[in-house]
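To start, the structure under review is shown below, and the notes come after it.
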Amino acid sequence: MTATSRTVLVTGASRGIGRAIALGFAKRGYDVALNDIERQSEALGDVAREIEALDQRAVIALADVSRKAEVQAMVAKVEAALGHIDAIVNNAGILISGSVEGLKEEYWDSVLDVNAKGTFLVIQAALPGMKARGYGRIVNIASIGGKHGAPEQAHYSASKAAVMGFTRVLAQEVGVDGITANCVCPGIILTDMGRVNLDDPEIRKSWQDKTALRRIGDPEDVVGAVAFLASDDAAFITGQTLNVDGGIVLS
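Taking UniProt numbering as reference, the numbering of the sequence shown is continuous, increasing by one, and the terminal residue is 251.
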């Protein structure tokens, strides 16, 4: 760790893509604030120890990102512990499958609250600090599901499409303050949540066959794109959406 270490807040950092991103930033010299809900605290502790073994600071910041008071307290804790927040990766997300006709209202609300409102609340809480310093990098994890969707995931698709639309407007509002905002859209990634699409061998093979690279992604496949968008190499990139899917959505 050095006095000039950059800092990043990663939500949903206890496992899967979030864990890989947190460790990827630590390997690139960032001090990392790790967020997740309380029941993931033990897993967050494991990630924190891995980061500290890389000689970077790790701060555990428990919060449900869909609850404003918890988010504000989390951001205040991180700023107090690390001094400031250079970058935010809004990765926290949930998926509860269900057809439109039979989808329970509470499932719709839960998915939109975490995936879309949670992204908004974290950014809203951190913006004053970023604006005061005239610097910030925001990377929101959306999904190719927000572009073309899949059966029984209408609410998930809607939440990720909302994140992309929100990010485009955010970029226009905060660019004058030296802050960039972009989205990364993972494809089919082998995580606990991704296995919803992959438990059936035939479904797994069908997704593999749809990718130009003919393979399912790993969480580490997402890290480079996120780190790039959070870096100064991407200082003139904002309001964009980057697919990281092995070649499913070709745009």
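Glycine included, each C-beta is placed from N, C-alpha and C at the ideal position.
Quiz item: So, using beta-carbon positions, are Val249 and Gly187 closer together than 9 Å?
Solution: The sequence position of residue 249 within the sequence shown is 249, counting from 1. The sequence position of residue 187 within the sequence shown is 187, counting from 1. Yes. Within cutoff.
Exercise. With DSSP as the reference, please indicate the residues paired to Thr7 in a beta bridge.
Key: The sequence position of residue 7 within the sequence shown is 7, counting from 1. In DSSP, Thr7 forms a bridge with Asp31.
Quiz prompt | Uninterrupted alpha helix (DSSP H) stretches inside the region 40-128 (no shorter than 4 residues) | solution = Restricted to the region 40-128, the alpha helix (DSSP H) segments that are unbroken, complete and at least 4 residues in length are 41-53, 68-82, 105-112, listed in chain order.
Practice problem: Jot down the residue ranges of each uninterrupted beta strand (DSSP E) in the region 176-244, minimum 3 residues, whole runs only, in chain order. | Solution: Qualifying beta strand (DSSP E) stretches, in chain order: 179-186, 241-244.
Self-check item: Contacts around Ala234, its chain only, beta-carbon distance under 6 Å, and the 5 residues preceding and following it disregarded
Solution: Residue 234 sits at position 234 when you count from the first residue of the sequence shown. Scanning its chain for C-beta atoms nearer than 6 Å, with the 5 sequence neighbours on each side dropped, one finds around Ala234 the residues Phe228, in chain order.
Quiz prompt | C-alpha gap between Asp221 and Tyr30, whole angstroms | solution = On the sequence shown, residue 221 is found 221 positions in, with the first residue counted as 1. On the sequence shown, residue 30 is found 30 positions in, with the first residue counted as 1. Rounded to whole angstroms, the separation of the alpha carbons of Tyr30 and Asp221 is 19 Å.
Practice problem: Please state whether DSSP places Ile17 in a helix, a strand or coil. | Solution: Counting from 1 along the sequence shown, the entry for residue 17 is found at position 17. Helix, per DSSP.
Self-check item: According to DSSP, residues forming a beta bridge with Ala139
Solution: Translated into the one-based positions of the sequence shown, residue 139 becomes position 139. Here residue 139 turns out to be Val, not Ala, going by the sequence shown. Val89, Asn182, per the DSSP bridge assignment.
Quiz item: Expressed to the nearest angstrom, what Euclidean distance is found between the alpha-carbon atoms of Ala125 and Gly18?
Solution: As a first step, residue 125 must be located in the sequence shown, where it is residue number 125. As a first step, residue 18 must be located in the sequence shown, where it is residue number 18. It is roughly 20 Å from the alpha-carbon of Ala125 to the alpha-carbon of Gly18.
Practice problem: Decide if Ser159 is buried, meaning its Cβ has at least 16 other Cβ atoms within 10 Å, or exposed. | Solution: For the purposes of this step, residue 159 is identified with residue 159 of the sequence shown, where counting begins at 1. So Ser159 counts as buried.
Exercise. Find the nearest neighbour of Leu23 within the set Gly45, Val114, Thr180, judged by alpha-carbon distance.
Key: In the sequence shown, counting from the first residue as 1, residue 23 sits at position 23. The residue with the shortest Cα to Cα distance from Leu23 is Gly45.
Quiz item: Would you report the Cα separation of Thr211 and Leu62, rounded to the nearest angstrom?
Solution: If you number the sequence shown from 1, residue 211 lands on position 211. If you number the sequence shown from 1, residue 62 lands on position 62. Taking C-alpha positions only, Thr211 is separated from Leu62 by approximately 36 Å.
Exercise. Rounded to whole angstroms, what's the CA-CA distance from Leu9 to Glu52? Just pull it up for me.
Key: As a first step, residue 9 must be located in the sequence shown, where it is residue number 9. As a first step, residue 52 must be located in the sequence shown, where it is residue number 52. Answer to the nearest angstrom: the Cα atoms are 15 Å apart.
Practice problem: Kindly indicate the opening and closing residues of the alpha helix (DSSP H) around Ser157. | Solution: The count along the sequence shown starts at 1 and reaches residue 157 at position 157. Where Ser157 is concerned, the enclosing alpha helix (DSSP H) stretches over 154-174.
Quiz item: Once you ignore the five residues that flank Ser66 on each side, which residues in its own chain have a CB closer than 6 Å to its CB?
Solution: Residue mapping note: residue 66 aligns to position 66 of the sequence shown, counting from 1. Excluding sequence neighbours, Ser66 sits near Asp113, Val114, Lys117, Gly118.
Quiz item: What whole-angstrom Cβ distance do His84 and Thr180 have, given they're in contact under 8 Å?
Solution: Within the sequence shown, numbered from 1, the residue matching residue 84 stands at position 84. Within the sequence shown, numbered from 1, the residue matching residue 180 stands at position 180. Contact doesn't hold; Cβ gap of about 16 Å is too wide.
Quiz item: Does the Cβ of Ile216 have 16 or more other Cβ atoms within 10 Å, making it buried, or fewer, making it exposed?
Solution: On the sequence shown, residue 216 is found 216 positions in, with the first residue counted as 1. With 16 or more other Cβ atoms inside 10 Å of its own Cβ, Ile216 counts as buried.
Quiz prompt | Closest by C-alpha distance to His148, when choosing among Ser41, Met164, Gly134, Leu82 | solution = The residue you call residue 148 lines up with position 148 of the sequence shown. Distance check between His148 and each of Ser41, Met164, Gly134, Leu82 places Met164 closest, using alpha-carbon atoms only.
Practice problem: Grab me the residues of Ala154's own chain with a C-beta within less than 6 Å of its C-beta, minus the 5 sequence neighbours each way, in chain order. | Solution: Against the sequence shown, residue 154 aligns to sequence position 154. These residues qualify, in order along the chain: Val100.
Self-check item: Member of Ile60, Gln208, Gly93, Val78 whose CA lies at the smallest distance from the CA of Glu38
Solution: As a first step, residue 38 is located in the sequence shown; it is residue number 38 there, counting from the start. Nearest of Ile60, Gln208, Gly93, Val78 to Glu38, Cα basis: Ile60.
Self-check item: Pairwise C-alpha distance: Gly136 and Asn35
Solution: On the sequence shown, residue 35 is found 35 positions in, with the first residue counted as 1. On the sequence shown, residue 136 is found 136 positions in, with the first residue counted as 1. Straight-line Cα distance between these residues: approximately 18 Å.
Self-check item: Ala150 to Ser157 span [Cα, whole Å]
Solution: Along the sequence shown, one-based indexing puts residue 150 at 150. Along the sequence shown, one-based indexing puts residue 157 at 157. Cα to Cα, Ala150 sits roughly 8 Å from Ser157.
Practice problem: Tell me whether Val176 is buried or exposed, calling it buried when 16 or more other Cβ atoms sit within 10 Å of its Cβ. | Solution: Looking up residue 176 in the sequence shown gives position 176. Looking at its Cβ environment, which holds fewer than 16 other Cβ atoms inside 10 Å, Val176 is exposed.
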